[in-house]
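Asks:
Protein chains: 2
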Amino acid sequence: MAQTRRHFLQQVGITGGAGVLYSTMSALGLTGLAETAAFAAPTRADLNGRPRKHVVILGAGIAGLTSAYELLKAGYQVTLLEARKRPGGRNWTVRGGASETDLAGVTQRARFSPGQYMNAGPARIPQHHVTLDYCRELGVAIEPFINQNADAYLYREGTTALSNKPIRHRTAKADVYGYVSELLAKATDQGALDSYLTVSDKQALIGFLTSFGSIANKDGGFKYTGSGRRGYTVEPGAGTESGTTESPYALSDVFASGVGSYFSFEFGWDQAMMMFQPVGGMDRIPYAFERAIGGEKIRYGAEVLGLRNTSSGVEVTYTTGGRPRVLSADFAICSLPPQIAAKIPSNLPTPIVDALKYARPTNAGKIGIEYGRRWWEEDLRIYGGITNSTLDTGNTWYPSTGFHGRRGTVIGYYNTGTNANLYGALTPAGRLERAVAQGTKIHGEVYGREIEASFSVNWATAKHSEGAWVGWPSQTDGTYQRLLDPTGNVYFAGDHLSHAIAWQHGAMTSARATVTALHHRVVTSR
Amino acid sequence: MAQTRRHFLQQVGITGGAGVLYSTMSALGLTGLAETAAFAAPTRADLNGRPRKHVVILGAGIAGLTSAYELLKAGYQVTLLEARKRPGGRNWTVRGGASETDLAGVTQRARFSPGQYMNAGPARIPQHHVTLDYCRELGVAIEPFINQNADAYLYREGTTALSNKPIRHRTAKADVYGYVSELLAKATDQGALDSYLTVSDKQALIGFLTSFGSIANKDGGFKYTGSGRRGYTVEPGAGTESGTTESPYALSDVFASGVGSYFSFEFGWDQAMMMFQPVGGMDRIPYAFERAIGGEKIRYGAEVLGLRNTSSGVEVTYTTGGRPRVLSADFAICSLPPQIAAKIPSNLPTPIVDALKYARPTNAGKIGIEYGRRWWEEDLRIYGGITNSTLDTGNTWYPSTGFHGRRGTVIGYYNTGTNANLYGALTPAGRLERAVAQGTKIHGEVYGREIEASFSVNWATAKHSEGAWVGWPSQTDGTYQRLLDPTGNVYFAGDHLSHAIAWQHGAMTSARATVTALHHRVVTSR
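Protein sequences appear in the order of chains A and B.
Just so we're aligned, residue 1 is where the first sequence starts under full-length UniProt numbering, counting upward by one.
Just so we're aligned, residue 1 is where the second sequence starts under full-length UniProt numbering, counting upward by one.
Structure (structure tokens):
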């Protein structure tokens, strides 16, 4: 089925153009659904007999692959140069047998069991990102990514009754929403908000708060006294067992603990559930692109040494296995990270190189820990989701797949900035040791038992990436903008040239914009 | 793998007893996790040479199957009598080819495509229910059930700006939480809550509200003015596209609309994400029980005509294909719905029959509509989840599986009580017509297009069920309690004898309690 479907869709993509599929999707309009800036894939017909152009693409990450895929639909000649031995760039799924040497010269070999893996880079896809459209078009099967779980934990260091112990998301929410509702209902009822609310506003608001916070009515002083939403110490069940709950934490402790600081993460445009992941690993996407493009068009192990605009096109110098080569083409799309592109000798004007240097790389780190037993399901009844803490590990992810299996791979930390640098400075063994010590604070001794393998990534020292993603001091002061138009015959693309930085959506929409601009230039040329 | 694993686990179950597996799971304790009342499966060793007892079980629904499965572990002889031709009772997955005649004499034949199905009864499992333990033990593969989706809709009839049109959950939440935060921050800052809050409480609370509601700081009057959490009309993407958002709805409209009334559903103990479903249909559970028990122990098409306590055991009269039969056994477990059990001629004392009659059946209805195109994904970018409305359809469920496939089956309504009765009174064609008319209000004309099949269930007129579940006027006034102890050699079991009514968890925990009591009696007899 998958095979047939993939081929069918690729056929539609190649012949009708992704635009045909995409315009169907864009014909939404019913209500409140974001439209991604209109994109019509280039078509061969547009060329109207013009000669076939050759585009060299620097980098076979998501932006490079998307660019190549879309250009091929219109019959462009495409050559991708990729320094790594695989497609995807930061979209990297680590499986058993993988070996990686970082910029500090440290080599790690992954010893994950068959079927186990970690997505070292991007790992989740919101429903509205074009990433899912490419999954559909390329036949990449998807499954839910569990970004939110009421039974995962919040862990806050501190001195309150809620501090230094794991609190279930559901418990924290029940108490915070309970007290917020009690306080706002009281203030409303006492007339404190009469200058903002009509009588019917007040009625409707209090009605909402009663349900939202599970609080008493007016006669009961709108009091929050807990509810089953917090969870049970003994679950409701047979006969007379109606369940045993504990009293809520004290209001002062709840707010002092900071336990509510993570709630809004789940409301985010690109983090609210539902989220998805490819079945089998995020790199199913780059490998599907590779198949659709044709692997022979990608030169792996090709490090770019120079990039020049020439009078008739571009000239790229690169090396594979020590041998320098020169490639001439009509156009280049540079999809390398800007901090790397800036270092490549070129005849690009200084303002362009300065714009590339304007990007500020951010670090992020992840560790995958394979366990021989899924204790988070069996002992803690946590089926996927994220435990958020103020420890330097940041977020712990339980696997979104393989439920009830024998093994599972937990992301022991996914952190950024200072915390990522702290772990990045350690040896791989040191990272695991520290992650286990921190995870044990949350999960108990089980966190250190039955560990079968681990692998960690520190994106700041990852060869050919040198960072997890970039931030711009500004995206509106004119510097960033220099990279949005071509410089001679050189175009740029990448998530860094979008407002969806660090997302594949950013790389894909940037690639689409670049391909559109390039194609427009070609079809409007004399 | 599944095969091996299932057999391994069944072996553990049969030899070590589910208790071995279960006690591992119960050894949790870390924090805040509900423990289900301790259960140790009966073991053969307990019998200590006593003669093997024969238990006849009325009904091969979830309670009956669980009872049989657990008793078999200790070597009891077990016979199940089931009026239907299949196991599971209300756990019923309808696939193409299924045919069902209801109590009104109306026959429906399901014409779903291969691979398409609807779970007519239970359809979701919370992480903490023992249902998942049985899935693990029996080797039933599970996958996420999508009970919450920020991109599904809320639809409220009325006269506000938000009425009579679909509003995304995320939009409603952003506005409600925004205004709640603004109002509470103002009241707090103005001192209206000073009798309840210390200075540091106030600081911490306002800090929380700023993040929770995405509101301005004090200098900005704590104003809520919308945010990307509401969603975008143009999504952030390439180049300078930072996304376009709309202004929030007016405060009065937001609260008057009642758009927040459904939020608390998602905080419920047994409805908060994550939730799960068996891969391929909920009936994978009863069929796995059937395999584990041995199909030869279940007599299908067996309608019970009479039940008698005798001096030495029980005597059950039943009919298969018109021929009356008598079965004698040491004990009976009656797991039939109480409203049906009450009608069976028996020598049960009047207070027991009265207790059975004390149960009040509730109706519920569902329609499955198979579409030839997954327009909810392609056009609306809704990948699973629930649209909640004030229309008589109640809730609409988008499928939790088969993403990006060619077809999909939407639950067009899942409603209860009056609304269920309203649809139940219609012909199957009439139900579809009405459901489509209502669904079109929310989703537009697409809702009526490319319909390939549909099937509806009205539990009140479902043979052998006569209701979706029951409620008790009271579970503490002594009447309900009469059914928790055996009457002579007759025991009762079922979700109705639990505080998890309408959940398989209720049926399973009730069965466990009943089996435990029966076994205790046997092993403590002289």
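Glycine is no exception: its CB is placed at the ideal position from the N, C-alpha and C atoms.
Let me know if ASP201/A comes out buried or exposed under the rule of 16 or more other beta-carbons within 10 Å of its beta-carbon.
Replies: Taking the first sequence and counting its residues from 1, one reaches residue 201/A at position 201. Label assigned to ASP201/A: buried.
Asks: With a CB to CB cut of under 7 Å and the five nearest residues on each side skipped, what residues in its chain are close to ARG381/A?
Replies: Taking the first sequence and counting its residues from 1, the one referred to as residue 381/A is at position 381. ASP151, listed in sequence order.
Asks: Starting from the C-beta of ALA345/B, find all residues in its chain whose C-beta is less than 6 Å away, skip the five residues before and the five after it, and write them out in chain order.
Replies: Taking the first residue of the second sequence as 1, we reach residue 345/B at position 345. It is Pro, not Ala, that sits at residue 345/B in the sequence shown. For PRO345/B, where only same-chain residues beyond five positions count, the Cβ hits under 6 Å are GLY306.
Asks: Can you confirm whether SER525/B, when its beta carbon is compared against all beta carbons of chain A, has any partner nearer than 8 Å?
Replies: In the second sequence, counting from the first residue as 1, residue 525/B sits at position 525. Not an interface residue.
Asks: Report all residues from its chain with a CB closer than 6 Å to the CB of SER23/B; omit the five preceding and five following residues, and keep chain order.
Replies: Position 23 of the second sequence holds residue 23/B. Low per-residue confidence applies at SER23/B: pLDDT is 32, beneath 50, and the placement is therefore not dependable, though the value from the model is reported in the following sentence. Excluding positions up to five away in sequence, the list is empty.
Asks: Does ILE146/B get closer than 8 Å to chain A when you measure Cβ to Cβ?
Replies: The residue labelled residue 146/B in the question sits at position 146 within the second sequence. Yes, ILE146/B counts as interfacial toward chain A.
Asks: Would you say TYR224/A and GLY178/A are within 8 Å of each other, going by their C-beta atoms?
Replies: Here the question's residue 224/A lines up with position 224 in the first sequence. Here the question's residue 178/A lines up with position 178 in the first sequence. A contact, by the Cβ cut-off of 8 Å.
Asks: Residue ranges of each beta strand (DSSP E) run of no fewer than 3 residues wholly in the stretch 416-460 of chain A, ordered along the chain?
Replies: The stretch 416-460 of chain A contains these whole beta strand (DSSP E) runs: 451-458.
Asks: Mind listing the chain B neighbours of GLN438/A? Cutoff is C-beta to C-beta under 8 Å, in chain order.
Replies: To locate residue 438/A, count along the first sequence from 1; it is residue 438. Near GLN438/A there are no residues of chain B at all, since even the closest Cβ is about 16 Å away, more than 8 Å.
Asks: For PHE484/A, does the count of other Cβ atoms within 10 angstroms reach 16, so buried, or fall short, so exposed?
Replies: Here residue 484/A is taken as the residue at index 484 of the first sequence, counted from 1. The sequence given here places Leu at residue 484/A; Phe does not occur at that position. Its Cβ being crowded by 16 or more others within 10 Å, LEU484/A is buried.
Asks: Using a cut-off of 9 Å between C-beta atoms, extract the partners of ASN149/B located in chain A.
Replies: In the second sequence, the residue the question calls residue 149/B occupies position 149. By Cβ distance, chain A contributes GLN127, ALA272, MET273 and MET274.
Asks: Hey, is the stretch 450-469 of chain A in contact with the stretch 361-376 of chain A, meaning 3+ C-beta pairs nearer than 8 Å?
Replies: Yes, the stretch 450-469 of chain A is in contact with the stretch 361-376 of chain A.
Asks: Hey, does residue 528/A have any beta-carbon neighbour from chain B nearer than 8 Å?
Replies: Look at the range of chain A in this structure, 1 to 526, and you will see that residue 528/A is not part of it.
Asks: Residues in the stretch 167-183 of chain A with C-beta within 8 Å of chain B's C-beta atoms, listed in sequence order?
Replies: So the close ones are ILE167, ARG168, ARG170, THR171, LYS173, ALA174, VAL176, TYR177, VAL180 and LEU183.
Asks: Taking the alpha carbon of ALA468/B as the point to measure from, which residue in HIS54/B, TRP459/B, SER211/B and GLN475/B has its own alpha carbon closest?
Replies: On the second sequence, residue 468/B is found 468 positions in, with the first residue counted as 1. That would be TRP459/B, whose Cα lies nearest to the Cα of ALA468/B.
Asks: Using a 10 Å radius around the Cβ and a threshold of 16 neighbouring Cβ atoms, would you call PRO126/A buried or exposed?
Replies: Here the question's residue 126/A lines up with position 126 in the first sequence. Buried: at least 16 other Cβ atoms inside 10 Å.
Asks: Could you check whether THR160/A and SER257/A sit closer than 8 Å to each other, using their CB atoms as the reference points?
Replies: Taking the first residue of the first sequence as position 1, residue 257/A is located at position 257. Taking the first residue of the first sequence as position 1, residue 160/A is located at position 160. The answer is yes: Cβ separation under 8 Å.
Asks: Assign TRP375/B to one of three DSSP states: helix, strand, or coil.
Replies: On the second sequence, residue 375/B is found 375 positions in, with the first residue counted as 1. DSSP places TRP375/B in helix when its eight states are reduced to three.
Asks: Taking all protein chains shown into account, decide if THR310/A is buried (16 or more other Cβ within 10 angstroms of its Cβ) or exposed.
Replies: The residue labelled residue 310/A in the question sits at position 310 within the first sequence. Exposed, by the Cβ-count rule.
Asks: Quick check on the DSSP output: the beta strand (DSSP E) that includes VAL316/A runs from which residue to which?
Replies: Stepping through the first sequence from its first residue, residue 316/A is reached at position 316. Where VAL316/A is concerned, the enclosing beta strand (DSSP E) stretches over 314-320.
Asks: Using C-beta distances below 8 Å, list every residue in its chain close to ARG170/B, excluding the 5 sequence neighbours before and after it, in chain order.
Replies: Walking along the second sequence from the start, residue 170/B turns up at place 170. Excluding residues within five positions, the ones whose Cβ falls inside 8 Å are ALA150, ASP151, ARG229, ARG230 and GLY231.
Asks: What ranges does the beta strand (DSSP E) occupy inside the stretch 140-216 of chain A, keeping only unbroken runs of at least 3 residues that lie completely in it?
Replies: Segments of the beta strand (DSSP E) lying fully in the stretch 140-216 of chain A: 142-145, 153-155 and 166-168.
Asks: Report the neighbours of LEU205/A on chain B: residues whose CB is nearer than 7 Å to its CB, in chain order.
Replies: In the first sequence, the residue the question calls residue 205/A occupies position 205. Result: PHE255.
Asks: Let me confirm a value: GLU450/A is counted as buried when at least 16 other C-beta atoms fall within 10 Å, else exposed. Which label applies?
Replies: The count along the first sequence starts at 1 and reaches residue 450/A at position 450. Classification of GLU450/A: exposed, given that the 10 Å Cβ count is below 16.
Asks: Assign GLN116/B to one of three DSSP states: helix, strand, or coil.
Replies: Locating residue 116/B in the second sequence gives position 116, counting from the first residue. GLN116/B: coil per DSSP, three-state reduction.
Asks: Verify whether the separation of the beta carbon atoms of SER242/A and ALA174/A is less than 8 Å.
Replies: To locate residue 242/A, count along the first sequence from 1; it is residue 242. To locate residue 174/A, count along the first sequence from 1; it is residue 174. Against a cut-off of 8 Å, the Cβ pair of ALA174/A and SER242/A comes out as no contact.
Asks: Under the three-state reduction of DSSP, which class applies to LEU138/A: helix, strand or coil?
Replies: In the first sequence, the residue the question calls residue 138/A occupies position 138. Residue state, collapsed to three classes: helix.
Asks: Taking one C-beta from the stretch 287-307 of chain B and one from the stretch 97-104 of chain B each time, how about it: are there three or more such pairs within less than 8 Å?
Replies: Touching, no.
Asks: CB-CB under 7 Å to LEU209/A, same chain, minus the five flanking residues each way: which ones, in chain order?
Replies: In the first sequence, the residue the question calls residue 209/A occupies position 209. Excluding sequence neighbours, LEU209/A sits near SER181, LEU184, ALA185 and ILE215.
Asks: Per DSSP, GLU82/B forms a beta bridge with which residues?
Replies: In the second sequence, counting from the first residue as 1, residue 82/B sits at position 82. Partner(s): TYR300/B.
Asks: Interface residues of chain B around GLY394/A at Cβ under 7 Å?
Replies: Locating residue 394/A in the first sequence gives position 394, where the first residue counts as 1. Result: empty, since nearest Cβ-Cβ is about 17 Å, beyond 7 Å.
Asks: Please work out which residues of its chain come closer than 6 Å, Cβ to Cβ, to PRO236/B, disregarding the five sequence neighbours upstream and downstream, and give them in chain order.
Replies: Taking the first residue of the second sequence as 1, we reach residue 236/B at position 236. Only SER242 and GLY243 meet the Cβ criterion.
Asks: Spatial neighbours of GLY29/B within its chain, please: CB distance less than 6 Å, with the 5 preceding and 5 following residues excluded, ordered by chain position.
Replies: Along the second sequence, one-based indexing puts residue 29/B at 29. Because GLY29/B carries a pLDDT of 31, less than 50, the predicted location of this residue cannot be relied on, and the following value inherits that uncertainty. Contacts found: none.
Asks: Alpha carbon to alpha carbon, how far is HIS519/B from VAL78/B?
Replies: Within the second sequence, the letter at position 519 stands for residue 519/B. Within the second sequence, the letter at position 78 stands for residue 78/B. Going by the C-alpha atoms only, they are around 13 Å apart.
Asks: Using DSSP with H/G/I as helix, E/B as strand and the rest coil, what is SER257/B?
Replies: In the second sequence, counting from the first residue as 1, residue 257/B sits at position 257. Residue state, collapsed to three classes: helix.
Asks: On the criterion of 16 or more Cβ atoms from any shown chain inside 10 Å, does ASN415/B qualify as buried, or is it exposed?
Replies: On the second sequence, position 415 is the one that residue 415/B refers to. Buried, by the Cβ-count rule.
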